[in-house]
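Residue numbers (my numbering): 2 to 372. Scroll down for the structure; my scribbles are underneath it.
Quick look at the structure:
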């Protein structure tokens with residue numbers, strides 16, 4: 002089989018776009034083949050349908066047919082949503098001077114439709130003086146919901162997580178600033194740690210047990226408190242936690258995915274953040290250091306990504322909810338920096354939370370691949 006492709010690098014998150022039609026049942030196997038380092042070696046794969054005239058309906062995205070303004074359709078390999086892929090596709094369309102885009106100087110604007118999102122995605126893409134991709138950004142689709150889990154680090158070396166059902170939650174209707182009890186809602190999560198004097202917990206041995214109304218750990222038994230956030234957005238769920246409490250490991254993702262009952266999500270990520278601080282509320286003008294781990298059940302792939310755009314958005318939303326105010330947040334990831342702007346002033350007009358992310362995008366290769 003011969004397929005046309007383009008390989009893009011949005012902040013190091015190498016993404017292969019297949020430009021020829023591939024039947025939906027074959028997409029997973031094609032994606033896995035292309036991700037092989039001996040072939041193209043991308044961290045993820047998307048299947049693109051270019052739509053010079055808006056495109057026909059029935060695209061396999063599980064959505065209605067696109068509007069005439071849609072420049073392209075993107076279905077990720079597992080049907081998930083991917084912000085890096087969305088802005089990388091925008092950068093590719095700008096590089097190709099695709100018809101239907103609007104231009105202001107060296108910046109192109111347009112709409113694409115992406116799996117996992119129920120509405121078209123707006124993108125902006127800048128080209129350099131040679132016409133090559135430079136920076137690109139996109140608006141992230143809502144609704145968003147952030148749930149916090151209070152963490153108490155017990156003296157005997159156990160981390161106990163209790164669902165936070167009040168203060169600091171962020172929902173589609175606005176920030177919840179009401180005071181609320183952070184007691185358990187049906188379970189507690191216990192992680193066995195090393196000796197208390199070692200500081201950071203380096204264990205990934207997690208167990209869950211039923212817990213009625215949620216019995217809190219006595220303050221006297223705890224040496225410090227922290228928290229993690231679970232951020233729900235269309236097409237993906239992210240867990241934002243402190244790398245000081247969790248050593249980055251795949252087992253953390255799978256145990257938390259099970260305990261938090263996220264098996265039905267099309268994609269689950271864990272953002273290991275250095276220096277996150279109690280309650281996610283620390284503000285750092287120099288940005289968060291984030292290591293992203295992402296699991297896509299449909300392809301059974303788990304990847305330590307060079308960067309994750311939706312993960313950067315999740316960290317920003319957790320920060321904004323914990324701080325109780327919008328703002329601009331930088332995420333420093335292994336492959337590059339991503340900037341996220343969270344704006345909820347528009348809640349007054351009923352538009353909900355508005356989120357935009359941007360960063361560098363590079364064209365790596367384009368041509369044909371034989372499989």
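Using N, Cα and C, we set each Cβ at its ideal position, and we do this for glycine too.
With distance defined between alpha-carbon atoms, name the residue in the options nearest to residue i.
{"i": "residue 373", "options": "294, 122, 321, 118", "result": "Given a span of 2 to 372 for the chain in the structure shown, any question on residue 373 remains unanswerable."}
{"i": "residue 317", "options": "257, 128, 231, 83", "result": "231"}
{"i": "residue 74", "options": "115, 86, 81, 85", "result": "115"}
{"i": "residue 302", "options": "17, 13, 24, 36", "result": "36"}
{"i": "residue 258", "options": "96, 269, 236, 110", "result": "269"}
{"i": "residue 337", "options": "3, 292, 109", "result": "292"}
{"i": "residue 49", "options": "103, 24, 38", "result": "24"}
{"i": "residue 128", "options": "150, 149, 93, 4", "result": "93"}
{"i": "residue 355", "options": "103, 342, 332", "result": "342"}
{"i": "residue 133", "options": "108, 148, 149", "result": "108"}
{"i": "residue 15", "options": "149, 47, 324", "result": "47"}
{"i": "residue 150", "options": "359, 229, 104", "result": "229"}
{"i": "residue 124", "options": "17, 357, 371, 369", "result": "357"}
{"i": "residue 252", "options": "324, 267, 305, 135", "result": "305"}
{"i": "residue 82", "options": "333, 266, 323, 319", "result": "266"}
{"i": "residue 110", "options": "71, 38, 148, 255", "result": "71"}
{"i": "residue 18", "options": "29, 86, 34", "result": "86"}
{"i": "residue 51", "options": "323, 256, 333, 20", "result": "20"}
{"i": "residue 370", "options": "26, 34, 27, 28", "result": "34"}
{"i": "residue 373", "options": "319, 30, 126, 26", "result": "Because the chain is modelled from 2 through 372, residue 373 falls outside the range shown and cannot be assessed."}
{"i": "residue 332", "options": "319, 323, 325", "result": "319"}
{"i": "residue 323", "options": "148, 240, 28", "result": "148"}
Tell me whether residue i is buried or exposed, calling it buried when 16 or more other Cβ atoms sit within 10 Å of its Cβ.
{"i": "residue 294", "result": "buried"}
{"i": "residue 307", "result": "buried"}
{"i": "residue 106", "result": "exposed"}
{"i": "residue 4", "result": "buried"}
{"i": "residue 372", "result": "exposed"}
{"i": "residue 359", "result": "buried"}
{"i": "residue 103", "result": "exposed"}
{"i": "residue 312", "result": "buried"}
{"i": "residue 366", "result": "exposed"}
{"i": "residue 368", "result": "exposed"}
{"i": "residue 135", "result": "buried"}
Thinking C-beta only, is residue j closer than 8 Å to residue i?
{"i": "residue 84", "j": "residue 310", "result": "yes"}
{"i": "residue 117", "j": "residue 53", "result": "no"}
{"i": "residue 290", "j": "residue 271", "result": "no"}
{"i": "residue 299", "j": "residue 80", "result": "yes"}
{"i": "residue 88", "j": "residue 362", "result": "yes"}
{"i": "residue 327", "j": "residue 344", "result": "yes"}
{"i": "residue 1", "j": "residue 233", "result": "The displayed coordinates of the chain run from 2 to 372. Any statement about residue 1 would go beyond what the structure contains."}
{"i": "residue 263", "j": "residue 297", "result": "no"}
{"i": "residue 32", "j": "residue 78", "result": "yes"}
{"i": "residue 137", "j": "residue 91", "result": "yes"}
{"i": "residue 274", "j": "residue 315", "result": "no"}
{"i": "residue 1", "j": "residue 235", "result": "With the chain running from 2 to 372 in the structure shown, residue 1 is simply not present."}
Identify whether residue i lies in helix, strand or coil by the three-state DSSP scheme.
{"i": "residue 26", "result": "helix"}
{"i": "residue 247", "result": "coil"}
{"i": "residue 36", "result": "helix"}
{"i": "residue 252", "result": "helix"}
{"i": "residue 338", "result": "strand"}
{"i": "residue 91", "result": "helix"}
{"i": "residue 98", "result": "coil"}
{"i": "residue 320", "result": "helix"}
{"i": "residue 257", "result": "helix"}
{"i": "residue 270", "result": "strand"}
{"i": "residue 79", "result": "coil"}
{"i": "residue 126", "result": "strand"}
{"i": "residue 308", "result": "coil"}
{"i": "residue 135", "result": "strand"}
{"i": "residue 84", "result": "helix"}
{"i": "residue 118", "result": "coil"}
{"i": "residue 314", "result": "helix"}
{"i": "residue 6", "result": "strand"}
Using a Cβ cut-off of 8 Å (strictly closer), state whether residue i contacts chain C.
{"i": "residue 7", "result": "Absence of chain C from the displayed structure is noted, only one protein chain being present."}
With a threshold of 7 Å, establish whether the CB of residue i neighbours any heavy atom of the ligand ZN.
{"i": "residue 295", "result": "Among the components of this structure there are no ligands whatsoever, and the ligand ZN is therefore not found."}
Next on the checklist: With a threshold of 8 Å, are at least 3 pairs of Cβ atoms found where one atom belongs to the stretch 41-50 and the other to the stretch 8-24?
Outcome noted: yes
Checklist entry - If you pair each beta-carbon of the stretch 86-103 with each one of the stretch 246-255, do three or more pairs fall below 8 Å? => result For the pair of segments examined, the stretch 86-103 was found not to touch the stretch 246-255: the number of CB pairs separated by less than 8 Å stays below three.
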